[in-house]
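The block underneath contains the structure these notes are about, expressed in structure tokens.
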Amino acid sequence: MSVALLSVAAVALDALLGEPKRWHPLVAFGRFADRIEQRFNSGGRGWRSHGVTAWVMAVVPLTLLATAFSWAPYVGWIVEILALYCALGMRSLGEHVEPVAKALRSDDLIEARKRVGYLVSRQTSELDETEVARAATESVLENGSDAVFAALFWFAVAGAPGVVLYRLSNTLDAMWGYRNERFERFGWAAAKIDDVLNYIPARLVALTYALLGKTRLALKCWRTQGSTWDSPNAGPVMAAGAGALGVELGGAAIYHGELHQRPPLGEGVPADADSIDRGWQLVQRGVWLWLLILCVGAEFYA
2 MSVALLSVAA VALDALLGEP KRWHPLVAFG RFADRIEQRF NSGGRGWRSH GVTAWVMAVV
62 PLTLLATAFS WAPYVGWIVE ILALYCALGM RSLGEHVEPV AKALRSDDLI EARKRVGYLV
122 SRQTSELDET EVARAATESV LENGSDAVFA ALFWFAVAGA PGVVLYRLSN TLDAMWGYRN
182 ERFERFGWAA AKIDDVLNYI PARLVALTYA LLGKTRLALK CWRTQGSTWD SPNAGPVMAA
242 GAGALGVELG GAAIYHGELH QRPPLGEGVP ADADSIDRGW QLVQRGVWLW LLILCVGAEF
302 YA
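With the sequence shown counted from 1, adding 1 to any position gets you the numbering used here.
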């Protein structure tokens, strides 16, 4: 079965079922990663070498296992579909962002703050309506890249092993890739590996956002604003996405009690409930475009 058909099947499964409710493989992996981190970074004393060792122990065996199962006769294609399905978070992303927009439209700021708190790591208790909408719009653009497009990219490149390698690495970055006293050294490898794995997908996503929105503005924002962001991959994605939507993102935000003055992204109107919905629609249209390209490519090379 072609990569295109396997990808369509996995996306359809995600749309139909959403994330596994009772037992998600990434939840179990998170617990496993916590135990490894406690072993190699007790008290935040781990060095870069410990972080590299921990990353290898967490990711490589499961990637090799995915390789072996995907090569199994008769059932390998099922493993491929399930691997991509478990890595995707498209329906889950929609289920998290849509209630934020709904709460804003109902003038329920308390509920909107609560809902956006499920999406972002910044402090949300004092956000106003625009700041809530800005946080949710940024999240849908960035998480669309990480949890949807990058998974599709690595599946297209290397099948189940590729998507397992990527998703586990991305999860470790989310757990260990912090620039604080505990993870500054230990989490270095997880952060850098995730940066490398996301480099090409992020720029393809930025191009996708630009093509499906206000193209000239998106390309301008990508060119002038993308490099100002701390993350080499989130910057281009969110700058292009903000430009594609014609909305203003970025700006000050409080993380773990500290005020961060983030560079502005995009250009146009302030963020609101409509920008959240349009951001989510942009991600959805982008997925259909990627699947179409995969299907056309598979037919061309058949």
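Just so it is clear, CB atoms sit at the ideal spot from N, CA and C, and this is done for glycine as well.
Shown here, Arg-36 sits in a helix according to DSSP, grouped into three states.
Per DSSP, Arg-168 lies in no beta strand (DSSP E); the unbroken alpha helix (DSSP H) holding it starts and ends at 151 to 177. Non-local beta-carbon contacts of Arg-279 in its own chain, meaning distances under 7 Å to residues more than five positions away in sequence, involve Leu-246 in chain order. Rounded to whole angstroms, the gap between the alpha carbons of Phe-41 and Ala-59 is 12 Å.
Ser-122 sits away from Arg-114, with the two beta carbons spaced by 8 Å or more. Burial check for Ile-111: the Cβ neighbour count within 10 Å stays below 16, so the residue is exposed. Beta-bridge partners assigned by DSSP to Ile-255: Leu-260. Arg-123 sits in a strand when the DSSP states are folded into three classes. Counting other Cβ atoms within 10 Å of its Cβ, Glu-143 reaches 16 or more and is therefore classed as buried.
Beta-bridge pairing by DSSP links Pro-271 to Glu-249. Less than 8 Å divides the Cβ of Ala-203 from the Cβ of Pro-237. Thr-225 sits exposed, since fewer than 16 C-beta atoms from the chains shown fall within 10 Å of its C-beta. Taking Arg-135 as the centre and dropping the five residues before and after it, the same chain places the C-beta of Leu-250 and Ala-272 closer than 6 Å to its C-beta, in chain order. The alpha-carbon separation between Met-176 and Tyr-75 amounts to approximately 36 Å. DSSP places Ala-88 inside the alpha helix (DSSP H), whose first and last residues are 77 to 88. Excluding the 5 residues flanking it on each side, Pro-265 has same chain C-beta neighbours closer than 8 Å at Gln-226, Glu-249, Leu-250, Gly-251 and Gly-252, in chain order.
Between the region 77 to 96 and the region 138 to 152, the count of C-beta pairs closer than 8 Å reaches three or more; the two stretches touch. Less than 8 Å separates the beta-carbon of Asn-234 from that of Asp-196.
Counting every other CB atom within 10 Å of its CB across the protein chains shown gives Tyr-256 a total below 16, marking it as exposed. Under the three-pair Cβ rule at 8 Å, the region 159 to 172 does not count as touching the region 281 to 300. Annotation: Ile-79 to Phe-30 spans about 21 Å, alpha carbon to alpha carbon. The straight-line gap separating the alpha-carbon atoms of Trp-230 and Trp-223 is approximately 11 Å. In the structure shown, the three-state DSSP call for Leu-66 is helix.
Between the C-alpha atoms of Leu-6 and Ala-13 there is a straight-line separation of about 10 Å. By the neighbour-count criterion, in which a residue is buried when 16 or more other Cβ atoms sit within 10 angstroms of its Cβ, Asp-15 is buried. The C-alpha of Gly-269 lies about 20 Å from the C-alpha of Val-284. Runs of alpha helix (DSSP H) with 4 or more residues, each lying fully within the region 182 to 235, are found at 189 to 213 and 216 to 226, listed in chain order.
Beta-bridge annotation (DSSP): Pro-265 is paired with Gly-251. DSSP places Glu-20 in the coil class of the three-state scheme, outside both helix and strand. By the beta-carbon neighbour count (other beta carbons within 10 angstroms, threshold 16), Ser-170 is buried. Taking 8 Å as the upper bound for CB-CB distance, Tyr-210 and Gly-242 are in contact here, some 4 Å apart.
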